[in-house]
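*Asks:* In this note's numbering, the protein residues as written are 4 to 293.
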Ligand code: SF4
Ligand code: SF4
Ligand code: SF4
């Protein structure tokens, strides 16, 4: 039986979880450059596709620089009143970077009212979810592209876990097992969970309803099916058409709520979804319309 899917922690006002995304914004802090896996669609020159729009590399910040960014944004007359969430989403995998934890600690001390949110590939989620919970994580996104390890082995080139490199089916099996275990633990801790799945035509189409069923059962609140951006090893594949994406989301909607306004934001996005500000510490803000 499916668990209650809305976490016990208060994430009222979170634009990625159903609250008004025209009024409520988020700050992404790009403090996490390293990654512990390799997805076929990732070029590593760009932000993690977990939560980001490829094409522009983020400037990585240290935790203290990131704290200063939050201070500057919260002091800004135009942005401060919009921000509800501090998210860490890349440019690599946040959980492969100790800076993620230090950043949440620093920001949490000074801005306890901001919701803490994190996006991960889930490889080390079972190992680190307890610390994230203690730091006050309110919401979590796990990018999960397959349940079948055979299919996973076509998506993931390698996985580095606890000092060992895995490839092929072994890599996918380990990653998927950890994603599901981590997701379940997070749900049990009352954290609200979104699952991102990259729709890779001809590779994981058939997996999507199975993923929807499984993550719903484990306690996820919402699913975000994202279109493949063909690049890196998958440069030769076609992106799904908008009609195909909508067809898949409509079928999925009968299983779990679908998140439809995702704009595949950059790991350093600040402001309202789709209207991010280019913010530097000098407080020069220019709105970049997508
Ligand atoms: Fe790239 Fe993100 Fe995949 Fe890591 S998890 S390989 S950064 S897309
Ligand atoms: Fe959280 Fe992801 Fe939304 Fe960022 S993009 S605020 S990490 S759900
Ligand atoms: Fe994250 Fe997508 Fe929301 Fe952007 S639109 S903040 S990538 S869930």
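In this text, a Cβ means the ideal position worked out from N, Cα and C, and glycines have one as well.
Given the structure is predicted, the values throughout are model-derived calculations rather than measurements.
1. At a cut-off of 7 Å, is residue 189 close to ligand 2 when judged by its beta-carbon and the heavy atoms of the ligand?
2. Per DSSP, what kind of secondary structure is residue 91 in: helix, strand or coil?
3. From the DSSP secondary-structure annotation, give me the bridge partner or partners of residue 260.
4. What's the call for residue 239, buried or exposed, on a 16-neighbour Cβ count within 10 Å?
5. DSSP on residue 188, reduced to helix/strand/coil?
6. In angstroms, rounded to a whole number, what distance separates the CA positions of residue 230 and residue 64?
7. Would residue 87 and residue 17 qualify as a contact pair, given that the criterion is a beta-carbon distance under 8 Å?
8. With DSSP as the reference, identify every bridge partner of residue 31, one or two as the case may be.
9. Across the segment 138-147 and the segment 178-189, are there enough close Cβ pairs to call them in contact, namely three or more that are closer than 8 Å?
10. Verify whether the separation of the beta carbon atoms of residue 123 and residue 82 is less than 8 Å.
11. Count Cβ pairs between the segment 89-103 and the segment 32-45 that sit closer than 8 Å; are there 3 or more?
12. For residue 181, which residues does DSSP report across the bridge?
13. What residues in its chain sit with their C-beta under 6 Å from that of residue 107, if we drop five residues either side in the sequence?
14. Here's a check: name, in chain order, each residue in its chain whose Cβ is nearer than 7 Å to the Cβ of residue 105, leaving out the five neighbours to either side.
15. Suppose you measure from the CA of residue 259 to the CA of residue 253; what does that come to, to the nearest Å?
16. For residue 155, count the other beta carbons within 10 Å of its own beta carbon; 16 or more makes it buried, fewer makes it exposed. Which is it?
17. Measure the alpha-carbon distance for residue 237 versus residue 218 and round it to whole angstroms.
18. Give me the Cβ distance between residue 251 and residue 228, rounded to the nearest whole Å; I'm assuming they're in contact under 8 Å.
19. Helix, strand or coil, according to DSSP, for residue 292 in the structure here?
20. In angstroms, rounded to a whole number, what distance separates the CA positions of residue 159 and residue 80?
21. Within the same chain, show all residues whose beta-carbon is closer than 7 Å to that of residue 25, passing over the 5 residues directly before and after it, in chain order.
22. Can you give the Cα-Cα distance for residue 111 and residue 117, rounded to whole angstroms?
23. Under a Cβ-count criterion, where at least 16 other Cβ atoms within 10 Å of its own Cβ denotes burial, should residue 243 be classed as buried or exposed?
24. Where does residue 203 fall in DSSP's three states?
*Replies:* According to the structure data:
1. One-based indexing of the chain shown puts residue 189 at position 186. No, the beta carbon of residue 189 sits no closer than 7 Å to any heavy atom of ligand 2.
2. On the chain shown, residue 91 is found 88 positions in, with the first residue counted as 1. Strand.
3. Taking the chain shown and counting its residues from 1, the one referred to as residue 260 is at position 257. Partner(s): 225.
4. As a working mapping, residue 239 is identified with position 236 in the chain shown. Exposed is the call here.
5. In the chain shown, the residue the question calls residue 188 occupies position 185. The answer is helix: DSSP assigns residue 188 an H, G or I state.
6. The residue given as residue 230 occupies position 227 in the chain shown. The residue given as residue 64 occupies position 61 in the chain shown. Taking the straight line joining both Cα atoms gives about 28 Å.
7. Taking the first residue of the chain shown as 1, we reach residue 87 at position 84. Taking the first residue of the chain shown as 1, we reach residue 17 at position 14. Cβ distance < 8 Å, so residue 87 and residue 17 count as in contact.
8. Position 28 of the chain shown, counted from the first residue, corresponds to residue 31. Paired residue(s): 90.
9. In the pairwise beta carbon analysis, the segment 138-147 is classified as touching the segment 178-189: at least three pairs are separated by under 8 Å.
10. Translated into positions along the chain shown, residue 123 becomes position 120. Translated into positions along the chain shown, residue 82 becomes position 79. Not a contact, by the Cβ cut-off of 8 Å.
11. yes
12. The residue labelled residue 181 in the question sits at position 178 within the chain shown. According to DSSP, residue 181 bridges with nothing at all.
13. The residue labelled residue 107 in the question sits at position 104 within the chain shown. So the qualifying residues of the chain are 119, 138.
14. Taking the chain shown and counting its residues from 1, one reaches residue 105 at position 102. Taken in chain order, the residues that qualify are 66.
15. In the chain shown, counting from the first residue as 1, residue 259 sits at position 256. In the chain shown, counting from the first residue as 1, residue 253 sits at position 250. Their Cα atoms are separated by approximately 10 Å.
16. Locating residue 155 in the chain shown gives position 152, where the first residue counts as 1. So residue 155 ends up on the buried side.
17. Taking the first residue of the chain shown as position 1, residue 237 is located at position 234. Taking the first residue of the chain shown as position 1, residue 218 is located at position 215. So the alpha carbons of these two residues sit roughly 26 Å apart.
18. Locating residue 251 in the chain shown gives position 248, counting from the first residue. Locating residue 228 in the chain shown gives position 225, counting from the first residue. In this structure, residue 251 and residue 228 form a Cβ contact; the two beta carbons are roughly 6 Å apart against a cut-off of 8 Å.
19. Here residue 292 refers to the residue found at position 289 of the chain shown. The predicted model places residue 292 with a pLDDT of 23, which falls under 50 and marks its position as unreliable; any figure quoted below should be read in that light. It is coil, neither helix nor strand.
20. Counting from 1 along the chain shown, the entry for residue 159 is found at position 156. Counting from 1 along the chain shown, the entry for residue 80 is found at position 77. For residue 159 and residue 80, the distance between alpha carbons rounds to 43 Å.
21. On the chain shown, residue 25 is found 22 positions in, with the first residue counted as 1. 275, listed in sequence order.
22. One-based indexing of the chain shown puts residue 111 at position 108. One-based indexing of the chain shown puts residue 117 at position 114. So the alpha carbons of these two residues sit roughly 8 Å apart.
23. Stepping through the chain shown from its first residue, residue 243 is reached at position 240. Buried is the call here.
24. Residue mapping note: residue 203 aligns to position 200 of the chain shown, counting from 1. Residue 203 falls in the coil class under three-state DSSP.
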